[in-house]
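Asks: So that you can map any letter, position 460 of the sequence shown is 1226 in our numbering, and since no number is skipped, the others follow by simple counting. Below you'll find the structure I mean.
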Amino acid sequence: MLSRRVFLSTFVVILLCAVPHGAWMTVDASAGRSDDLDFSGGPNAGQVVSGTYTILMTNVVDMDYINIEVSDGSVWTSIANVTNAPWLSAWDTSSHSDGDYQLRIEGTLANSTTTGWVVSPTFTIDNTAPTGLTLSTSGAVIGDGSSTISRAWFTTDEAGTMNFDWNGSDSHLSHATLTNVPGSGNPPQDGPGTILNSWAWSPGDLTEGTWNSVLSVFDEGGNSAQTSIHIGIDRSGPEVGTPSLSVATGSWSDATTLIFNGLSSGATDNDGSGITTYHVRDSTDEWADIGSAGSGSMSLDEGVRTIQFRAVDRVGNIGDSLDVTMMIDRSAPVAGGWILPELTDSLSGQVAVSIDATDANAGIATTSCSIEYGFDSNGAGSTPDISSDWLSVGSGTSNSLSAAIDWSTRAGQFLSLRSTLVDTAGNTVTTPASHFLILPGLDFSISDASLDRLVVRAGSQDTVQLEANIDTNEVYPGSVVVRVESAPASRDSMTEWTTLNSVAISTGSLMDQQERVVVDITLLTAGEFDIRVIVDPDDSISERDEGNNEAFLLIGAANPEVIGSVSGFAPDLVLLLLAGLFASRVLKRRESAS
767 MLSRRVFLST FVVILLCAVP HGAWMTVDAS AGRSDDLDFS GGPNAGQVVS GTYTILMTNV
827 VDMDYINIEV SDGSVWTSIA NVTNAPWLSA WDTSSHSDGD YQLRIEGTLA NSTTTGWVVS
887 PTFTIDNTAP TGLTLSTSGA VIGDGSSTIS RAWFTTDEAG TMNFDWNGSD SHLSHATLTN
947 VPGSGNPPQD GPGTILNSWA WSPGDLTEGT WNSVLSVFDE GGNSAQTSIH IGIDRSGPEV
1007 GTPSLSVATG SWSDATTLIF NGLSSGATDN DGSGITTYHV RDSTDEWADI GSAGSGSMSL
1067 DEGVRTIQFR AVDRVGNIGD SLDVTMMIDR SAPVAGGWIL PELTDSLSGQ VAVSIDATDA
1127 NAGIATTSCS IEYGFDSNGA GSTPDISSDW LSVGSGTSNS LSAAIDWSTR AGQFLSLRST
1187 LVDTAGNTVT TPASHFLILP GLDFSISDAS LDRLVVRAGS QDTVQLEANI DTNEVYPGSV
1247 VVRVESAPAS RDSMTEWTTL NSVAISTGSL MDQQERVVVD ITLLTAGEFD IRVIVDPDDS
1307 ISERDEGNNE AFLLIGAANP EVIGSVSGFA PDLVLLLLAG LFASRVLKRR ESAS
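Here it is as structure tokens:
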């Protein structure tokens, strides 16, 4: 008997574990025996059952078997015959249509007597899951959530709220749940009891990402149905790819247009809503939309420019800009003046020449510049006519003319210079020809000219001694003529000068750059006279400055007859008085001249 009970208990446990989710009669098979047959724990009046429902019955002494029947209100149909304890039966309600039913049981005892039929209250079979499920959200920037392609994308803040609305149909609707949502946890179930058909979900930690949120709707019989919605949160801007550029960065260029492409290559929105377009601008201008291809062109202004690229995703998030530096210079260098020494026919060796040049942006590429020279007869025209063409000095903005040039024959000619200037961006300009007169190197001058007397008797018998220094600015090996002339002090522009004497400085005398000359002169007529000392009076020798070849003195000549007819004339005293008067006049004229 004990082994039979152990077997039956084990059978009951296995049977109960194998039964699906249907309702159970809440009675223990090992409970105390009862002399009256009855349902143990249901079904209750109005109860909704579904799936496999376990019918439990009371344990009656000497029970042989129990018949179980069901009725839809019109006919009773046998559904089970239980022949031993535990007195239960797993009933598959899905074989019946949804609707209201009753159960009845009748037991037959070991002596073949029956207990009579025991009828349950009316209950409902419902094996139909909720239908017409919908799940939607509000506030999405794009998408309706119906698929991954049409995912509903949000930009909701981490502490923001996401609203979900749902609906479904069922005769015995119980409650709904929402799972797999952003943030920590899940919203509370909606129902049973009051059903709101919505959730306002605000967990405080709405992170970025994607979810397939699932709505599960249950009825009172335990039937359920699910639907889902695809959602995503994207608050971060996308990263732009590295573009291919038609103009190199970090070096000067004379380009007018920048062509770019490949912005989409390597670009990413980091699993967000996806890139929809790209923008570009010069940092001083407004952003321009160049479309989703990530390629285009733009004009370039001169100067050091910052060109910026950025990407925009489908929900409007703007990524950080990618900056590249363009160094643009389309303006040619500007030439200043030439720097060179005084040009004379005394030059020898290399002669340094340089040109002052500036460039506002890229700067002068000195090694790419060059200087050319030539000799011209009149300092006019674009090509030197003596050398017939431009000759190269060399590269750079500073260089030296060849030491082989013979300057001794160049006096009166013009040195012609021009330069080709190049900046770092490759802009080039050739300067107009500049002409510089080559002067004679030699220059005569007169210093320390004096007369030994300021007043003399007119006539050939009274001579005056004139002395003067003839100076040169450089060693002069040749000879030169010095002439002394006179003219009345009261002369006008038509008065001619009279030669009083001439002296030739011999060859080699000016090697030390100075020679003292002494000349005797006489004045044949009485009056006041200007004495002029001239070096190279015929301008036969080329000089740098012909204007300093003269020196002037003043002298008075007295009439001897007038002096001799005066009674008591003392010659020495008269001459002394006259000399004082003339000296005073000379000093006044010199002060007036200065």
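Glycine residues also receive a C-beta, built at the ideal position from the N, C-alpha and C atoms. On a predicted model such as this, the values are computed, not experimentally measured, just so you know.
For Q1231, which residues does DSSP report across the bridge?
Replies: Position 465 of the sequence shown holds residue 1231. In the DSSP output, where bridge partners are listed per residue, Q1231 has D1286.
Asks: Could you tell me the distance, in whole angstroms, from the CA atom of A1150 to the CA atom of D1051?
Replies: Along the sequence shown, read from residue 1 onward, the residue named residue 1150 stands at position 384. Along the sequence shown, read from residue 1 onward, the residue named residue 1051 stands at position 285. The amino acid occupying residue 1150 in the given sequence is Pro; Ala does not appear at that position. Roughly 50 Å separates the two Cα atoms.
Asks: Is P948 helix, strand or coil when you go by DSSP?
Replies: As a first step, residue 948 is located in the sequence shown; it is residue number 182 there, counting from the start. Coil.
Asks: Which term fits D1067, buried or exposed, when burial requires 16 or more other beta carbons within 10 angstroms of its beta carbon?
Replies: Stepping through the sequence shown from its first residue, residue 1067 is reached at position 301. Classification for D1067: exposed.
Asks: Measure from the alpha carbon of T1194 to the alpha carbon of each residue in S912, D936, V1221, I1130, then state which is nearest.
Replies: Sequence index remark: in the sequence shown, residue 1194 carries index 428 (1-based). The option with the nearest alpha carbon to T1194 is I1130.
Asks: Helix, strand or coil: which one does DSSP assign to G1313?
Replies: Taking the sequence shown and counting its residues from 1, the one referred to as residue 1313 is at position 547. Looking at G1313 - three-state DSSP - the assignment turns out to be helix.
Asks: Give the single residue among D1000, A1098, A1054, I891 whose Cα lies nearest to the Cα of D762.
Replies: This structure gives no information on residue 762, because the portion of the chain shown stretches from 767 to 1360.
Asks: For N1165, is the classification buried or exposed, using 16 other Cβ atoms within 10 angstroms of its Cβ as the cut-off for buried?
Replies: Taking the first residue of the sequence shown as 1, we reach residue 1165 at position 399. It is buried - the Cβ of N1165 has at least 16 other Cβ atoms within 10 Å.
Asks: In this structure, how does DSSP classify S935 when only helix, strand and coil are distinguished?
Replies: Taking the sequence shown and counting its residues from 1, the one referred to as residue 935 is at position 169. Three-state DSSP puts S935 in a strand.
Asks: Below 8 Å CB to CB, which residues in the same chain sit around S1331 once its five sequence neighbours on both sides are set aside?
Replies: What you label residue 1331 is simply residue 565 of the sequence shown in a count that begins at 1. Because the pLDDT at S1331 is just 42, under 50, the model does not fix this residue reliably, and the point stays unresolved.
Asks: Count the other CB atoms within 10 Å of the CB of T915; is the residue buried (16 or more) or exposed (fewer)?
Replies: For the purposes of this step, residue 915 is taken as the residue at position 149 of the sequence shown. As written in the sequence, residue 915 is Ile, which differs from the Thr given in the question. Classification for I915: exposed.
Asks: Could you give the distance in angstroms between the alpha-carbon of N1083 and the alpha-carbon of G970?
Replies: For this step, residue 1083 is matched to residue 317 along the sequence shown. For this step, residue 970 is matched to residue 204 along the sequence shown. One C-alpha to the other measures close to 21 Å.
Asks: Quick one, are the C-beta atoms of T1273 and S1245 less than 8 Å apart?
Replies: Position 507 of the sequence shown holds residue 1273. Position 479 of the sequence shown holds residue 1245. Yes, Cβ-Cβ distance for T1273 and S1245 is below 8 Å.
Asks: Check the C-beta distance from T1023 over to E1005 and give it rounded, since I have them as a contact under 8 Å.
Replies: Here residue 1023 refers to the residue found at position 257 of the sequence shown. Here residue 1005 refers to the residue found at position 239 of the sequence shown. The pair is not a contact, with the Cβ atoms about 26 Å apart (cut-off 8 Å).
Asks: Where DSSP assigns a beta bridge to D866, which residues make up the other side?
Replies: Stepping through the sequence shown from its first residue, residue 866 is reached at position 100. Its beta-bridge partners are T890.
Asks: I'd like to know whether the C-beta atoms of M1093 and W1018 end up nearer to each other than 8 Å.
Replies: The count along the sequence shown starts at 1 and reaches residue 1093 at position 327. The count along the sequence shown starts at 1 and reaches residue 1018 at position 252. Cβ atoms of M1093 and W1018: closer than 8 Å.
Asks: Cβ of D1000 within 8 Å of Cβ of W919?
Replies: The sequence position of residue 1000 within the sequence shown is 234, counting from 1. The sequence position of residue 919 within the sequence shown is 153, counting from 1. Their beta carbons are under 8 Å apart, which means D1000 touches W919 by this criterion.
Asks: Give the straight-line distance between the Cα atoms of Q1280 and Q1231, rounded to the nearest whole angstrom.
Replies: Sequence index remark: in the sequence shown, residue 1280 carries index 514 (1-based). Sequence index remark: in the sequence shown, residue 1231 carries index 465 (1-based). Those two C-alpha atoms are separated by around 19 Å.
Asks: DSSP beta-bridge partners for P1254?
Replies: Taking the sequence shown and counting its residues from 1, one reaches residue 1254 at position 488. Partner(s): F1295.
Asks: At what residues does the beta strand (DSSP E) containing V1100 begin and finish?
Replies: Counting from one through the sequence shown, the residue named residue 1100 turns up at place 334. That run of the beta strand (DSSP E) goes 1100 to 1105.
Asks: Please name the residue, chosen from D866, V1248, T1132, that lies closest to A1123 on a Cα-to-Cα basis.
Replies: The count along the sequence shown starts at 1 and reaches residue 1123 at position 357. Cα-wise, what sits closest to A1123 is T1132.
Asks: Mind checking whether S955 and A942 have CB atoms under 8 Å apart?
Replies: To locate residue 955, count along the sequence shown from 1; it is residue 189. To locate residue 942, count along the sequence shown from 1; it is residue 176. According to the sequence displayed, residue 955 carries Gln and not Ser. Taking 8 Å as the Cβ cut-off, Q955 and A942 qualify as a contacting pair.
Asks: Using CA atoms only, rank isn't needed, just tell me which of L1106, E835, A1128 is closest to V1119.
Replies: For this step, residue 1119 is matched to residue 353 along the sequence shown. The option with the nearest alpha carbon to V1119 is L1106.
Asks: According to the neighbour-count rule (16 or more other Cβ atoms, all chains shown, within 10 Å of its Cβ), is L1407 buried or exposed?
Replies: Since the displayed the chain opens at 767 and closes at 1360, residue 1407 lies outside it and no answer follows.
Asks: Measure the CB-CB distance between L901 and F930 and report whether it falls below 8 Å.
Replies: Here the question's residue 901 lines up with position 135 in the sequence shown. Here the question's residue 930 lines up with position 164 in the sequence shown. Contact flag set, yes.
Asks: Are there three or more Cβ pairs, one per stretch, closer than 8 Å when the region 838 to 852 is compared with the region 864 to 876?
Replies: They touch, by the three-pair rule.
Asks: On the CB-based measure, 16 or more other CB atoms within 10 Å of its CB, does L1240 come out buried or exposed?
Replies: Here residue 1240 is taken as the residue at index 474 of the sequence shown, counted from 1. In the sequence as displayed, the identity of residue 1240 is Glu instead of Leu. Exposed, since its Cβ has fewer than 16 Cβ neighbours within 10 Å.
Asks: How many whole angstroms separate the CB atoms of V1046 and G1062, which I take to be in contact at a CB cut-off of 8 Å?
Replies: In the sequence shown, residue 1046 corresponds to position 280, counting from 1. In the sequence shown, residue 1062 corresponds to position 296, counting from 1. Correct: roughly 7 Å between the Cβ atoms.
Asks: What is the rounded straight-line gap between the Cα of G1178 and the Cα of A1146?
Replies: As a first step, residue 1178 is located in the sequence shown; it is residue number 412 there, counting from the start. As a first step, residue 1146 is located in the sequence shown; it is residue number 380 there, counting from the start. Spanning the two alpha carbons is a distance of roughly 13 Å.
Asks: Exposed or buried, N810, counting other C-beta atoms within 10 Å across all chains shown (16 or more means buried)?
Replies: Position 44 of the sequence shown, counted from the first residue, corresponds to residue 810. With fewer than 16 other Cβ atoms within 10 Å, it is exposed.
Asks: May I ask you to list the residues that DSSP assigns as paired with Y1044?
Replies: Taking the sequence shown and counting its residues from 1, one reaches residue 1044 at position 278. Its beta-bridge partners are G1057, A1077.
Asks: Give me the residue from T843, A1270, V1269, R1096 with the minimum Cα distance to T1190.
Replies: On the sequence shown, position 424 is the one that residue 1190 refers to. With distances taken between Cα atoms, T1190 lies closest to R1096.
Asks: What are the complete beta strand (DSSP E) segments, minimum 3 residues, inside the region 1197 to 1231?
Replies: If we require 3 residues or more, the beta strand (DSSP E) runs fully inside the region 1197 to 1231 come out as 1200 to 1203, 1210 to 1217, 1221 to 1223.
Asks: Can the beta-carbon of A846 be found less than 8 Å from the beta-carbon of N825?
Replies: The sequence position of residue 846 within the sequence shown is 80, counting from 1. The sequence position of residue 825 within the sequence shown is 59, counting from 1. No; because the gap between Cβ atoms is not below 8 Å, this pair is not in contact.
Asks: Take S1114 as the anchor and find which of S1161, G987, T818, S1168 has the nearest alpha-carbon.
Replies: What you label residue 1114 is simply residue 348 of the sequence shown in a count that begins at 1. Cα-wise, what sits closest to S1114 is S1168.
Asks: Just to confirm, is the Cβ distance from E1233 to R1282 under 8 Å?
Replies: The residue you call residue 1233 lines up with position 467 of the sequence shown. The residue you call residue 1282 lines up with position 516 of the sequence shown. Contact flag set, yes.
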